[in-house]
Amino acid sequence: MEVASKVPIPVYRLEDCTDGFPFLITRMKGCEPMVKDFAIPHRHTGYSIDIVVKGSIHQSVDFRQHQVMAPAVMLMEPDQVHLHEMGEDCEMISIYFTDEFLQSELQGVVSCWRCIFGSGVIPVNNEQLEELLSYAYLIEKEYVSNRIRREEIIRNLLNAFIIACGRISEPVTRDNIWLRVESAQYNMARQFKVLVDKHYHEKAQVSDYAEMLFVTPGHLNDTVKSLMGRNAKYVIDEKRILEAKRLLYWGEHSVKQIASHLNFEDDAYFNRFFKKHTGQTPAAFQRESREKYN
Numbered sequence: 123m124e125v126a127s128k129v130p131i132p133v134y135r136l137e138d139c140t141d142g143f144p145f146l147i148t149r150m151k152g153c154e155p156m157v158k159d160f161a162i163p164h165r166h167t168g169y170s171i172d173i174v175v176k177g178s179i180h181q182s183v184d185f186r187q188h189q190v191m192a193p194a195v196m197l198m199e200p201d202q203v204h205l206h207e208m209g210e211d212c213e214m215i216s217i218y219f220t221d222e223f224l225q226s227e228l229q230g231v232v233s234c235w236r237c238i239f240g241s242g243v244i245p246v247n248n249e250q251l252e253e254l255l256s257y258a259y260l261i262e263k264e265y266v267s268n269r270i271r272r273e274e275i276i277r278n279l280l281n282a283f284i285i286a287c288g289r290i291s292e293p294v295t296r297d298n299i300w301l302r303v304e305s306a307q308y309n310m311a312r313q314f315k316v317l318v319d320k321h322y323h324e325k326a327q328v329s330d331y332a333e334m335l336f337v338t339p340g341h342l343n344d345t346v347k348s349l350m351g352r353n354a355k356y357v358i359d360e361k362r363i364l365e366a367k368r369l370l371y372w373g374e375h376s377v378k379q380i381a382s383h384l385n386f387e388d389d390a391y392f393n394r395f396f397k398k399h400t401g402q403t404p405a406a407f408q409r410e411s412r413e414k415y416n
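Here the sequence shown is numbered in our numbering, starting from 123 and rising by one per residue.
In structure tokens form, the structure reads like this:
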């Protein structure tokens with residue numbers, strides 16, 4: 123994949139290696155030279171699902187370290203900073219797709235298909251692995267076929283694959299959020315989360331999102347808190363803090379640059395904001411996190 127833009131942490135766009143097609147399925151082995159590129163911290167603009175079929179892989183995702191042993195499934199959301207160090211014996215099937223690829227297909231089938239990707243790493247047994255591989259092989263066969271209605275068939279197969287992942291992940295997440303019945307309130311909370319993920323760099327107030335959703339800030343805050351257990355402002359600030367932590371840990375740039383990137387008035391305000399939410403200054407977090415995770 124090619125880098126989308128010159129940013130502190132490389133960002134890879136799926137469309138750059140698929141001639142604009144919003145989906146990719148590929149097989150990888152730890153002994154292949156190309157896998158070394160995945161051992162460098164980077165992000166994807168879309169979603170990814172990796173089925174670890176054989177061997178092991180060391181994964182770092184947003185300050186979480188996983189030693190993943192086959193069989194397992196790894197799921198990742200857009201913009202998560204990560205790296206993979208595949209063992210020589212590792213074999214996996216990787217699926218990538220854009221945010222828009224499944225959105226219309228899964229509405230009404232899975233209430234919050236994005237929530238499934240919060241599972242992170244899902245250990246599976248051999249029976250579950252065979253189930254997931256049966257979907258993956260059908261998807262792979264359709265992907266390389268170039269037959270008519272190829273995209274629609276891949277969408278529907280991927281739809282079923284993600285629902286199967288959600289069913290398997292239920293004991294891991296202990297949360298049936300992905301199977302919840304649709305409601306106006308739940309739909310609003312979901313749309314709010316999507317908007318925060320998209321606009322957190324430049325929009326930091328609840329009123330900004332309430333305006334986009336055509337509701338009052340109070341109504342949005344009450345709805346989000348009742349469904350997510352956290353008020354809307356907390357969700358926004360949490361996203362901005364996570365991005366700040368990513369840049370501090372992975373990047374080589376100043377606090378002033380990070381403050382500007384996240385649209386703070388100045389670096390002094392950013393310092394106060396960060397310390398209020400983490401108990402540490404940005405510089406202290408950067409030092410201690412690198413000592414802890416390296």
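Positions of the beta carbon are idealized from the N, C-alpha and C atoms, including for glycine.
(request) Quick one: grab the DSSP three-state call for valine 303. (result) Position 181 of the sequence shown, counting from 1, holds the residue named residue 303. Only weak support exists for where valine 303 lies, its pLDDT of 46 falling under 50; the value from the coordinates is given anyway. Coil.
(request) Helix, strand or coil for threonine 220, going by three-state DSSP, please let me know. (result) Counting from 1 along the sequence shown, the entry for residue 220 is found at position 98. Note: threonine 220 maps to coil in three-state DSSP.
(request) Compute the Euclidean distance between the alpha carbons of arginine 135 and serine 216, then round it to the nearest angstrom. (result) Within the sequence shown, numbered from 1, the residue matching residue 135 stands at position 13. Within the sequence shown, numbered from 1, the residue matching residue 216 stands at position 94. The alpha-carbon atoms of arginine 135 and serine 216 are separated by roughly 15 Å.
(request) May I ask you to report which of helix, strand or coil DSSP gives glutamate 273? (result) Your numbering for residue 273 matches position 151 in the sequence shown. Note: glutamate 273 maps to helix in three-state DSSP.
(message) Rounded to the nearest angstrom, what separates valine 346 and tyrosine 322 at their Cα positions?
(response) In the sequence shown, residue 346 corresponds to position 224, counting from 1. In the sequence shown, residue 322 corresponds to position 200, counting from 1. Computed Cα separation, rounded: 16 Å.
(message) Restricting to Cα atoms, I'd like to know which of Ala354, Gln313, Asn278, Lys320 is closest to leucine 335.
(response) In the sequence shown, counting from the first residue as 1, residue 335 sits at position 213. For the residues Ala354, Gln313, Asn278, Lys320, the minimum Cα distance to leucine 335 belongs to Gln313.
(message) Please return the same chain residues whose Cβ sits closer than 6 Å to the Cβ of valine 231, not counting the five positions on each side in sequence.
(response) Taking the first residue of the sequence shown as position 1, residue 231 is located at position 109. Reliability fails at valine 231, whose pLDDT of 49 lies under 50, so the model's placement of it is uncertain and the value that follows must be treated cautiously. Here the set comprises nothing.
(request) For lysine 398, count neighbouring Cβ atoms within 10 angstroms of its own Cβ and tell me buried if that reaches 16, exposed if not. (result) Your numbering for residue 398 matches position 276 in the sequence shown. The residue in question, lysine 398, is exposed, as its Cβ has fewer than 16 Cβ neighbours within 10 Å.
(message) Closest to glycine 82 by C-alpha separation, out of Ser178, Gly152, Thr220, Asp211, would be which residue?
(response) Residue 82 falls outside the range modelled here, since the chain spans only 123 to 416, and no answer is possible.
(request) With a threshold of 16 other CB atoms inside 10 Å of the CB of aspartate 172, please say whether the residue is buried or exposed. (result) In the sequence shown, counting from the first residue as 1, residue 172 sits at position 50. It is buried - the Cβ of aspartate 172 has at least 16 other Cβ atoms within 10 Å.
(message) Checking 8 Å against the spacing of the C-beta atoms, do valine 377 and aspartate 389 come in under that value?
(response) Numbered from its first residue, the sequence shown carries residue 377 at position 255. Numbered from its first residue, the sequence shown carries residue 389 at position 267. Yes, Cβ-Cβ distance for valine 377 and aspartate 389 is below 8 Å.
(request) Report the rounded CA-to-CA distance for arginine 186 versus glutamate 264, giving the unit in angstroms. (result) For the purposes of this step, residue 186 is identified with residue 64 of the sequence shown, where counting begins at 1. For the purposes of this step, residue 264 is identified with residue 142 of the sequence shown, where counting begins at 1. Straight-line Cα distance between these residues: approximately 35 Å.
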